[in-house]
Every structure is written in C-alpha cells, then in structure tokens.
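*Asks:* Under our numbering, think of the first position of the sequence shown as 624, with each following residue one higher. By construction, the Cβ of each residue, glycine as well, lies at the ideal position given by its N, Cα and C atoms. One structure coming up, written as structure tokens, with questions to follow.
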Amino acid sequence: MSRIESGRMSLKNEEFAFRDFLEQINVMINGQCEDKGLDFECQIVGQTSDYYVGDDMKLKQVLINILGNSVKFTEAPGTVTFAVEQLQRFEGMCTLQFTMADTGVGMDADYLPKIFEAFTQEDDTSTSSYGGSGLGMAITKNIVDMMNGDIRVESEKGVGTTFVVTVTLKASARSTQGEGPQMLPADLRALVVDDDAVACEHAVLVLGDIGISAESCTHATEALDRIRTCCDRGEPIDLVLTDYRMPDIDGIQLTRDIKRIGGEGVKVLMLTGYSFDDVTDEALQAGADALMNKPLFTDTLLRELRALFVAAPLAGAADTADTADGPSAGDEAEDAGEQGATAGEQLAPEIADGIYEEGSLAGRRILLAEDIQINADIMIDLLDMEDIQAEHGENGQIVVDMFAASAPDYYDAVLMDVRMPVMDGLTAASTIRKLDRPDAKTVPIIALTANAFDEDVQRSLQAGMDAHLSKPVEPDRLYGTLAKLIARREQR
C-alpha cells in the first residue's frame, strides 16, 4: 500500500465503455455466485452514460474486491446484488454510485469503524478473512479517495452487509444515443415485462435513448392483457422485452403466450442475468427471437433491434425470415466482420472476421501471462465459461519457462499481457518464437494491452504475436480470435 500512500500510484485518465466495464465484473462475480449456489443481480438505476473517462481498471479492482468478499461470506441460498446509478452530471463530471449488498454473515457494529484500517480484521472465525482477499479494504479505500470518492458500509451480524462506493469520473462526449431512429422502422410499439420495477424503468429509458417509446408491466398477466387489447384495437405490439425469471408466469411461458396471441410478427427479446448456456435452448424453443444479458445498454440493444427489424416485418405482417439463430450470435458476428477492428478491438486484419461457434473451444489449453491477479481471475473465468483450460504465469519469464518445459503442442494458444515485471510480453513473445522447437513458431500468441493505438498493434505483431486485443476484452471477440487462430494453425 506504500505506493498509494506515498503518491507514487497514479490514476489513468482514459475513455472506457461502461458496458464492457460492467460485463467484466458481472462475468466474474456471476460465475463465483453460481459455484456457491447464490443469486446474483446487477441493476442499473435510472440512466447512465455509454462512456466515461477515468481509471476503469482500478475502479474495477475496487468493486471486484468488495463483491468478491460478499460472495465469500455468503452461503446458499443467499443473494449478492450490485446496483449502479449515475447521481449527477455537471460541468463535464459525473458522479457514479455503486451499491453492493449481500445476505451473508455480516459484521459487528463495533468493528465497522476499523474496517478500512490497514492490517485489521474482525476477531471472529466467521469473518476473520474479511478484507484479506484481493486489494484489501484499506487499499480499496485509498483508491476510492484518489478518485475523489467515498466508501460507506452498513452491516448487521447474521443479516448481511452493504457497501456504497461513490466516485467522480469525467464525462465523455462519445455516445451511441440517438443512433437508432433512422436505422429502425418508425413508430415501433414496445412493451417491457419484468417483476423488478427498477429493471423495467431502466429498460424503458434505454429504449427511449434510441427513439422507441415503451410501456412496462411488472406482472406477466398484466402484459398479456395489454397485448390482447392492442391486438383487438388493430395496434399490435411490435416488440416485447421480457425477463427470463419471474414469479407465477416466467419468461418462457410468457413468450409462448405472446406468440400465440400476437403471432410471429411480435418480436420477443428475452433478458437474463444467467449464462446463455443455461437458457438459450429453452428460450428459443418457446419462440424467443433473441437473448440479451441484463442490464441493458444502448449499443447492444440497438444492434439486436437492427437484426430483428431492419428488413423484417412488423407485427401483423407475414414473416419473411427467421431471426432466431441462437441468441443472435450470427448477427453480432456479422456486424463485427463488417466493421472490422475498432479502436478497442484491434486485431491482425485476417483475424477480424473470425466467427465463433459456441462450444468449439472446449478442452483447449491456453497459457495466460498476466501479472495482476484480479485481471488473471477475470480472464480465467471467461475461458472457463467455454470449458477452456487455462494455465497462468505472472510474468513473461515464467510463461517462457512454462512453454519451454511443456510437451510439443501442449498449448493451443498464448494470451500475453504486454506490460509485466521481470520480462514484458513483447520480449516473452519474441523469446518463445526463438525457441528451438516447431510449435514455438506456430503457437498463436495474442497480445493483451490497455492501449489500442496503431503503433501498439504493430509492436505486438513485430514481436511475433498474431493478434492484439484491448482490455477489457470483449468475450465474443476473445473466443472468435482464439477459434480463428487455432483453426488456421491446424490447417497448416
């Protein structure tokens, strides 16, 4: 912690996509909750911006540290919740509030004033490690202070704990808001169905950002009545966004009922906080046209709606195409191929069109070079979601040694962080390429870096790497890049 206290640790001041930021956190924490049989909920309260400017990596580490402790000290059947709210935007600055709550063991009131002190822990067997994982609560508070923020905690023994982190970030002029109306049919009629009123409000706001006026219902029966009424009036609903899990009538049954009442012209977009692997087959068989993760973001929703409605009929018209090809994975891959590599997703040109077939990477073995443990945990979780085995080295020298000691063709690919102690990623990649063994020349090596400038891409490729991904890594881009490079290697 001395680096922070002495002022030698500085904050980055870079633009980042808020959707990617939250997705990285959700992937990791949701996986941990699933392993323990806990419910995990992520909510966006009100309206947030698409992009902010600040140190997303350190902020992410703070939130993951707190949420990780929530998971650690909560037992099944328990709940961990993560809520995000933009409190204000004024003179180019935004105040964000992150609320993390759990139904875990809780802490005694007399311990709370000491929780942010260095090297202190509650003298209790159930909470003795609280703050001992990840950054630690003392370092967490110092980073929040550096961001002109505040961190508060409330807890009750045997009931649970709530942390509230407030930070100030610079506003970004970049936005995807307002891109929708000219790209979608006019006068789309939309309905949001979710038993969570906060989630309903957020979805209505996101739809409004892209020019779609929407109503909302918190009960499936109310939604069905509304759909029937609109059909009877000759003003059918064109789009329904429904939560997957709801009491009484869940999203699966609601989708069947919607299709029965409104026909195939009513597009149903299923929203879920679960892994697509757990719900895709059931949702598509029920008639859902696409799946999306919660919480919603403007850019991803806009992409799905373009796939559903551009050159597709509205409700009441005859269907001309089947858009339910999985959770719109093919459409997303097509968009990525048309756009090529963006500033946040720089790849070697021949890799950018890679389309990933779900499950095709199962059983593959990846060597990961990453010196920051939290970043490594996130990447390992992303790989594990597709049953990809990962072996981790914390610096370039260790990774070179691991590769050199392995059997030929043991690793299918290497994910190489560029900035590491002892030996950096560029040197490590170059060293691997020079090893006297055939697979050293052919194993795919992918650079991972926070930079997305052309010169960084070129430096990576000149060091012998095959592709370049910017952090935070988008899961689909990661899987597609791995699939393309591994397939290309095996075809040689």
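Rounded to whole angstroms, what is the Cα-Cα separation between R1100 and A796?
*Replies:* Straight-line Cα distance between these residues: approximately 25 Å.
*Asks:* So if DSSP puts C717 in a beta bridge, which residue, or which two residues, is it bridged to?
*Replies:* According to DSSP, C717 bridges with R712 and L792.
*Asks:* By the three-class DSSP mapping on this structure, what secondary structure does M915 have?
*Replies:* Strand at M915.
*Asks:* Note down the Cα distance separating L1105 from P700, rounded to an integer number of angstroms.
*Replies:* Cα to Cα, the separation comes out at about 36 Å.
*Asks:* Would R926 be called buried (16 or more neighbouring beta carbons within 10 Å of its own) or exposed?
*Replies:* Buried, since its Cβ has 16 or more Cβ neighbours within 10 Å.
*Asks:* Is K890 helix, strand or coil by DSSP?
*Replies:* Strand at K890.
*Asks:* For a quick check, are the C-beta atoms of A837 and L877 less than 8 Å apart?
*Replies:* No, they are not a contact pair.
*Asks:* Which stretch, first to last residue, makes up the alpha helix (DSSP H) that contains I667?
*Replies:* First-last for I667: D662 to V668, but that is the beta strand (DSSP E), not the alpha helix (DSSP H).
*Asks:* So S693 is in the alpha helix (DSSP H); what residue range does that whole segment cover?
*Replies:* Where S693 is concerned, the enclosing alpha helix (DSSP H) stretches over D679 to K695.
*Asks:* Measure the alpha-carbon distance for K1046 versus E905 and round it to whole angstroms.
*Replies:* Looking at the sequence shown, residue 1046 is not Lys but Met. Between M1046 and E905, the C-alpha separation is close to 48 Å.
*Asks:* If I'm right that P918 touches H825 with Cβ under 8 Å, what's the distance once you round it to whole angstroms?
*Replies:* Their Cβ separation, rounded to whole angstroms, is 6 Å, which keeps P918 and H825 in contact under 8 Å.
*Asks:* Kindly confirm or deny that the segment 811 to 828 and the segment 707 to 718 touch, where touching means at least three C-beta pairs closer than 8 Å.
*Replies:* Cβ pair count under 8 Å is below three, so no.
*Asks:* Work out the CA separation of V889 and T921 for me, nearest whole Å.
*Replies:* So the alpha carbons of these two residues sit roughly 21 Å apart.
*Asks:* Cα separation between Q1020 and D673?
*Replies:* So the alpha carbons of these two residues sit roughly 38 Å apart.
*Asks:* Which residue marks the beginning of the alpha helix (DSSP H) containing A1063, and which one marks its end?
*Replies:* First-last of the alpha helix (DSSP H) with A1063: P1061 to T1065.
*Asks:* Return the chain-ordered list of same chain residues with a C-beta closer than 7 Å to the C-beta of R1060, the five sequence neighbours on each side being excluded.
*Replies:* Same-chain partners within the cutoff: P1031.
*Asks:* My output table needs one value for A1106: the three-state DSSP class, helix, strand or coil.
*Replies:* Residue state, collapsed to three classes: helix.
*Asks:* Let's test the definition: count the other Cβ atoms within 10 Å of the Cβ of F644 and tell me whether it reaches 16, buried, or not, exposed.
*Replies:* The residue is buried, with at least 16 neighbouring Cβ atoms inside 10 Å.
*Asks:* Give the range of the alpha helix (DSSP H) segment to which D658 is assigned.
*Replies:* Per DSSP, D658 belongs to the alpha helix (DSSP H) from F641 to K659.
*Asks:* Straight-line CA distance for G772 to K1107?
*Replies:* Going from the Cα of G772 to the Cα of K1107 covers about 43 Å.
*Asks:* Around the Cβ of E779, are there at least 16 other Cβ atoms within 10 angstroms (buried) or fewer (exposed)?
*Replies:* Per the 10 Å Cβ criterion, exposed.
*Asks:* Go through its chain and collect everything with a Cβ distance to I1001's Cβ below 6 Å, but skip five positions before and after it.
*Replies:* The residues are Q647 and M651.
*Asks:* As a quick exercise: from G857, Q709, F932 and I1068, pick the residue whose alpha carbon is nearest that of I1109.
*Replies:* Cα-wise, what sits closest to I1109 is I1068.
*Asks:* I believe G1048 touches R1056 by the beta-carbon criterion, under 8 Å. Please report the beta-carbon distance rounded to the nearest angstrom.
*Replies:* About 13 Å; that fails the 8 Å criterion.
*Asks:* Within 10 angstroms of its Cβ, does A843 collect 16 or more other Cβ (buried), or is it exposed?
*Replies:* That one is buried.
*Asks:* Nearest-angstrom Cα distance between Q1081 and R988?
*Replies:* Cα-Cα distance, rounded: 26 Å.
*Asks:* Identify which residue in E858, G885, L862 and M893 has its Cα closest to the Cα of G874.
*Replies:* Comparing Cα-Cα distances from G874 to each of E858, G885, L862 and M893, the minimum goes to M893.
*Asks:* Check whether the segment 878 to 887 touches the segment 850 to 866, counting contact only when three or more Cβ pairs, one atom from each stretch, lie closer than 8 Å.
*Replies:* Taking 8 Å as the limit for Cβ pairs, the verdict is that the segment 850 to 866 does touch the segment 878 to 887.
*Asks:* Expressed to the nearest angstrom, what Euclidean distance is found between the alpha-carbon atoms of T895 and L1084?
*Replies:* Cα to Cα, the separation comes out at about 38 Å.
*Asks:* Could you work out which residue in L710, Q709, N692 and E708 is closest to T702 when comparing CA atoms only?
*Replies:* Among L710, Q709, N692 and E708, the Cα nearest to that of T702 is on N692.
*Asks:* Relative to the alpha-carbon of A1086, which residue among T1054, P1098 and Y1102 has its alpha-carbon at the smallest distance?
*Replies:* Closest option to A1086, Cα to Cα, is T1054.
*Asks:* Could you check how far apart the C-beta atoms of T763 and V776 are, in whole angstroms? I think they sit under 8 Å.
*Replies:* Not confirmed; about 11 Å, so no contact.
*Asks:* So, with DSSP's three-state summary, where would you put R1112?
*Replies:* Here R1112 sits in helix by DSSP.
*Asks:* For the alpha helix (DSSP H) that I766 lies in, which residues bound it at each end?
*Replies:* M760 to M769 is the extent of the alpha helix (DSSP H) around I766.
*Asks:* Starting from the C-beta of R712, find all residues in its chain whose C-beta is less than 7 Å away, skip the five residues before and the five after it, and write them out in chain order.
*Replies:* So the list reads A794, once near-sequence residues are dropped.
*Asks:* By Cβ distance below 8 Å, which residues in the same chain neighbour S983 in space, the five residues on each side in sequence not counted?
*Replies:* Taken in chain order, the residues that qualify are A1106.
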